[in-house]
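**Q** Structure below; questions to follow.
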Amino acid sequence: MPLLVHGESPQPEVDVFDRETHFIDTVLQPLLERFPGLRVVFEHITTARAVEFVVNARPGVGATITPQHLLHNRNAIFPAASDPITTACRF
Numbered sequence: 120m121p122l123l124v125h126g127e128s129p130q131p132e133v134d135v136f137d138r139e140t141h142f143i144d145t146v147l148q149p150l151l152e153r154f155p156g157l158r159v160v161f162e163h164i165t166t167a168r169a170v171e172f173v174v175n176a177r178p179g180v181g182a183t184i185t186p187q188h189l190l191h192n193r194n195a196i197f198p199a200a201s202d203p204i205t206t207a208c209r210f
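Residue numbers (the working numbering): 120 to 210.
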């Protein structure tokens, strides 16, 4: 039976944009090393780092992708916050 996991580290000290990478480094990679026969599907990956991880992972590791998340960064999500005139006009 495969492990289907939506991997993020939700700790408040982990930046919301780093949660998937943090999960890979601190949870998923050690888990795969500890259980080499475990089949894993990393669900709804959202970062290029996660894609790279899965592409280079051992057999038995796969993923589903949320492609629209690969197109966005902070600037795309919060465009008004990067415009000081727009930001000032909101207050």
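C-beta: ideal position from N, C-alpha, C; glycine also.
Predicted, not measured: the structure shown is a model, and the values here were computed from it.
I need the boundaries of the beta strand (DSSP E) containing Val159, first residue and last residue.
**A** In the sequence shown, counting from the first residue as 1, residue 159 sits at position 40. Element bounds for Val159: 159-164.
**Q** With DSSP run on the structure shown, which of helix, strand or coil describes Leu190?
**A** The residue labelled residue 190 in the question sits at position 71 within the sequence shown. Reduced to three states, the DSSP call for Leu190 is coil.
**Q** Under the rule that 16 or more other beta-carbon atoms within 10 Å means buried, what is Phe136, buried or exposed?
**A** Along the sequence shown, one-based indexing puts residue 136 at 17. With fewer than 16 Cβ atoms within 10 Å of its Cβ, Phe136 is classed as exposed.
**Q** Skipping 5 residues on each side, what residues in its chain have a beta carbon closer than 6 angstroms to that of His125?
**A** The residue labelled residue 125 in the question sits at position 6 within the sequence shown. So the qualifying residues of the chain are Glu162, His163.
**Q** Apart from the five residues just before and just after Ile184, which ones in its own chain have a Cβ nearer than 6 angstroms to its Cβ?
**A** Start at 1 with the first residue of the sequence shown, and residue 184 comes out as number 65. Cβ within range, chain order: Ile164.
**Q** Helix, strand or coil: how does DSSP classify Val124 here?
**A** Mapped onto the sequence shown, residue 124 falls at position 5. Reduced to three states, the DSSP call for Val124 is strand.
**Q** Around the Cβ of Glu139, are there at least 16 other Cβ atoms within 10 angstroms (buried) or fewer (exposed)?
**A** As a position in the sequence shown, residue 139 is number 20, starting the count at 1. Buried, by the Cβ-count rule.
**Q** With DSSP run on the structure shown, which of helix, strand or coil describes Thr183?
**A** Sequence index remark: in the sequence shown, residue 183 carries index 64 (1-based). Thr183: strand per DSSP, three-state reduction.
**Q** Would you kindly work out how many angstroms separate the C-alpha atoms of Ala176 and Leu151, rounded to a whole number?
**A** As a first step, residue 176 must be located in the sequence shown, where it is residue number 57. As a first step, residue 151 must be located in the sequence shown, where it is residue number 32. If I take the Cα positions, the gap works out to 9 angstroms.
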